[in-house]
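Down below is the structure, laid out as structure tokens.
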């Protein structure tokens, strides 16, 4: 089954800057989700965007989805040190896999104070 | 509510030993999943269940067995542990509306010597 590929693998920025990470995939999906994982912890859901949506916002998070390019981006504005974590995109549904969510390898974001 | 609880959190096994990881959720969720997370590999789906009494194979099911005798519990078993099964294991669950978010446990770190 397919998985998303996050880019870049690692990103280091200063507090207050914006952070953008991308996810590309190859086959059809029903939805795409972004999760955050702090070191040594479980994953926490951030935002879900459906295949018929193009953009969603949640607080300082902005997610876009371009199904023609099979790509999504996650923008974190005005980053904080507490945003330091790994971020994963997860592909939902599509290709008959209605019950399975597949994850990419993640982007490690470091926000320096 | 506790959400998703995994036990044990840490375990060291010798090659060939067996063990069971327990996942319990108190959200009355239908779907439950076991993932493993290895450095540089992201999360890979081992097995999943779409309801009490059902199980299905994920991406990397070999060497593992699962059972879902009660809706709230999803057990992951290793019959004969191998060093390649050293990993962090995450359980997750989702409610009836599949297009929602996954709720993750905090992980179980397993080392096989």
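Protein chains in written order, with the numbering used here: chain D, 3 to 115; chain H, 84 to 196. Yeah, the Cβ is synthetic: ideal placement off N, Cα and C, and Gly gets one too. In this text the structure is predicted, and so the values were computed from the model without any measurement.
(message) According to DSSP, simplified to helix, strand and coil, what is residue 167 of chain H?
(response) Along the second chain, read from residue 1 onward, the residue named residue 167 of chain H stands at position 84. Under the three-state reduction of DSSP output, residue 167 of chain H falls in the helix class.
(message) Check this for me: beta carbons of residue 35 of chain D and residue 50 of chain D, under 8 Å apart or not?
(response) One-based indexing of the first chain puts residue 35 of chain D at position 33. One-based indexing of the first chain puts residue 50 of chain D at position 48. Closer than 8 Å, so yes.
(message) Please confirm whether residue 104 of chain D has its beta-carbon closer than 8 Å to some beta-carbon of chain H.
(response) The residue given as residue 104 of chain D occupies position 102 in the first chain. So yes, residue 104 of chain D belongs to the interface.
(request) Under 8 Å by Cβ, that's how I've got residue 156 of chain H and residue 85 of chain H pegged, so tell me the actual separation to the nearest angstrom. (result) The residue given as residue 156 of chain H occupies position 73 in the second chain. The residue given as residue 85 of chain H occupies position 2 in the second chain. The pair is not a contact, with the Cβ atoms about 13 Å apart (cut-off 8 Å).
(request) From the DSSP output, read off the bridge partner residues of residue 54 of chain D. (result) In the first chain, residue 54 of chain D corresponds to position 52, counting from 1. Listed as beta-bridge partners of residue 54 of chain D by DSSP are no residues whatsoever.
(request) Report the residues of the region 118-140 of chain H with a CB closer than 7 Å to any CB of chain D, ordered along the chain. (result) Among the residues of the region 118-140 of chain H, those with a Cβ less than 7 Å away from any Cβ of chain D are 123, 124, 125, 126, 128, 131 and 133, in the order of the chain.
(request) List the DSSP bridge partners of residue 107 of chain H. (result) Sequence index remark: in the second chain, residue 107 of chain H carries index 24 (1-based). Per DSSP, the beta bridge partners of residue 107 of chain H are H:88 and H:156.
(request) Give me the Cα-Cα distance between residue 171 of chain H and residue 17 of chain D, rounded to the nearest whole angstrom. (result) Here residue 171 of chain H refers to the residue found at position 88 of the second chain. Here residue 17 of chain D refers to the residue found at position 15 of the first chain. Cα-Cα distance, rounded: 30 Å.
(request) Leaving out five residues on either side along the sequence, give the residues of the same chain with a beta carbon under 7 Å from the beta carbon of residue 168 of chain H. (result) Indexing the second chain from 1 puts residue 168 of chain H at position 85. 146, 161, 193 and 195, listed in sequence order.
(request) Could you run through the region 140-166 of chain H and flag, in chain order, every residue whose CB is less than 8 Å away from some CB of chain D? (result) Shown in chain order are the members of the region 140-166 of chain H whose Cβ falls below 8 Å from a Cβ of chain D: 141 and 142.
(request) Going by CA-CA distance only, name the one from D:19, D:27 and D:20 that's closest to residue 105 of chain D. (result) On the first chain, position 103 is the one that residue 105 of chain D refers to. Nearest C-alpha to residue 105 of chain D: D:27.
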